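Colleague:
In the UniProt record's numbering, the protein residues as written are 1 to 287.
(1) With 16 as the cutoff for other CB atoms within 10 Å, does residue 4 come out buried or exposed?
(2) Around the Cβ of residue 113, are there at least 16 other Cβ atoms within 10 angstroms (buried) or fewer (exposed)?
(3) What are the boundary residues of the alpha helix (DSSP H) that residue 30 is part of?
(4) Over the uninterrupted beta strand (DSSP E) stretch that includes residue 184, give me the two end residues.
(5) Reducing DSSP to helix, strand and coil, say where residue 47 ends up.
(6) Look at the alpha carbon of residue 234 and the alpha carbon of residue 158, and state the distance between them as a whole number of angstroms.
(7) Please confirm whether residue 181 and residue 162 have their CB atoms less than 7 angstroms apart.
(8) DSSP state of residue 170, grouped into three classes?
(9) Starting from the Cα of residue 287, find the closest Cα among 223, 103, 241 and 127 and give me that residue.
(10) Compare the beta carbon distance of residue 228 and residue 275 with 7 angstroms and say whether it is the shorter of the two.
(11) Of all the options 214, 170 and 109, which has the alpha carbon lying nearest to the alpha carbon of residue 244?
(12) Do residue 201 and residue 194 count as a contact pair if the criterion is CB distance below 7 angstroms?
(13) By a C-beta neighbour count over all protein chains shown, 10 Å radius and 16 as the cutoff for buried, is residue 33 buried or exposed?
(14) So what's residue 277 in DSSP terms, helix, strand or just coil?
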């Protein structure tokens with residue numbers, strides 16, 4: 001497959017977007033939400049005998065034609081192509097994810113994110129992070145609270161870096177407990193610069209993507225996640241309900257997993273999946 005086979009209309013149909021193809025904030029918000037509702041964040045290629053390569057036509061074939069998903073390098077890498085073709089000014093950025101296990105950050109090029117410049121404003125876009133991911137772009141022009149449903153985010157500046165933070169599945173205002181998700185700079189990057197870290201995440205026992213087979217997708221009102229031999233369903237509280245986030249977990253047998261992936265995520269793998277849920281080894285180098 002070549003770049004001439006990459007069709008904008010087919011990509012938009014894949015994510016269920018039927019609005020105007022024009023570079024406006026409303027359209028940007030809509031395509032990011034549609035992408036997260038349609039394209040899973042997943043690493044199943046790694047656990048079914050394949051390897052991820054950061055070639056845009058290959059990413060397009062996987063995500064659009066095969067109706068698969070991918071991790072950040074794939075989802076955001078291809079999403080940058082989509083936004084560019086729609087007329088947006090897009091810049092690829094490098095992020096470093098904070099580990100819940102070590103409390104330290106990953107190395108540069110650990111995470112691929114996007115900045116869109118629009119009408120003199122800059123927006124952070126990300127369709128490739130999974131559970132903590134924000135459903136619509138975040139403004140890079142403010143350090144204040146940015147609410148999205150029951151969640152709240154902020155982008156804090158310090159030590160020459162920008163830090164994306166949230167209060168997990170709650171919103172307690174500016175004085176709530178903030179948790180860092182990842183840090184980044186606004187230095188422009190190229191997709192090929194992420195190739196080494198893309199291979200690292202497919203082969204290192206220090207990476208969640210090597211240690212655990214996973215797939216997660218945003219749903220209207222919640223999120224559905226497969227990991228190892230578990231299916232986790234999360235229901236978000238509705239506005240004014242006073243309820244908290246509800247989580248249910250279903251244990252899976254190996255023979256159930258292909259059917260679960262097909263039914264709930266729309267994924268049919270070409271090769272058998274080897275379920276994996278191993279402990280992540282702390283990396284030797286801390287950032």
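Where a beta carbon is used, it is the ideal one built from N, C-alpha and C, also for glycine.
Keep in mind that this is a model prediction, so the values were computed, not measured.
Modeller: The answer reads as follows:
(1) The residue you call residue 4 lines up with position 4 of the chain shown. By the neighbour-count rule (16 or more Cβ atoms within 10 Å), residue 4 is not buried but exposed.
(2) Residue mapping note: residue 113 aligns to position 113 of the chain shown, counting from 1. So residue 113 ends up on the buried side.
(3) Numbered from its first residue, the chain shown carries residue 30 at position 30. 25-38 is the span of the alpha helix (DSSP H), which, as asked, contains residue 30.
(4) In the chain shown, the residue the question calls residue 184 occupies position 184. That run of the beta strand (DSSP E) goes 179-184.
(5) By 1-based counting over the chain shown, the position of residue 47 is 47. Residue 47: coil per DSSP, three-state reduction.
(6) Residue numbering aside, residue 234 sits at position 234 when the chain shown is read from its first letter. Residue numbering aside, residue 158 sits at position 158 when the chain shown is read from its first letter. Cα to Cα, the separation comes out at about 33 angstroms.
(7) Here residue 181 corresponds to residue number 181 of the chain shown, with the count starting at 1. Here residue 162 corresponds to residue number 162 of the chain shown, with the count starting at 1. Cβ distance not < 7 angstroms, so residue 181 and residue 162 don't count as in contact.
(8) In the chain shown, residue 170 corresponds to position 170, counting from 1. If DSSP states are grouped into helix, strand and coil, residue 170 belongs with coil.
(9) Residue numbering aside, residue 287 sits at position 287 when the chain shown is read from its first letter. Checked all of 223, 103, 241 and 127; the closest Cα to residue 287 is 103.
(10) For the purposes of this step, residue 228 is identified with residue 228 of the chain shown, where counting begins at 1. For the purposes of this step, residue 275 is identified with residue 275 of the chain shown, where counting begins at 1. Their beta carbons are under 7 angstroms apart, which means residue 228 touches residue 275 by this criterion.
(11) For this step, residue 244 is matched to residue 244 along the chain shown. Among 214, 170 and 109, the Cα nearest to that of residue 244 is on 170.
(12) Taking the chain shown and counting its residues from 1, one reaches residue 194 at position 194. Taking the chain shown and counting its residues from 1, one reaches residue 201 at position 201. No, they are not a contact pair.
(13) As a first step, residue 33 must be located in the chain shown, where it is residue number 33. The residue in question, residue 33, is buried, as its Cβ has 16 or more Cβ neighbours within 10 Å.
(14) Looking up residue 277 in the chain shown gives position 277. In this structure, residue 277 counts as strand in the three-state DSSP scheme.
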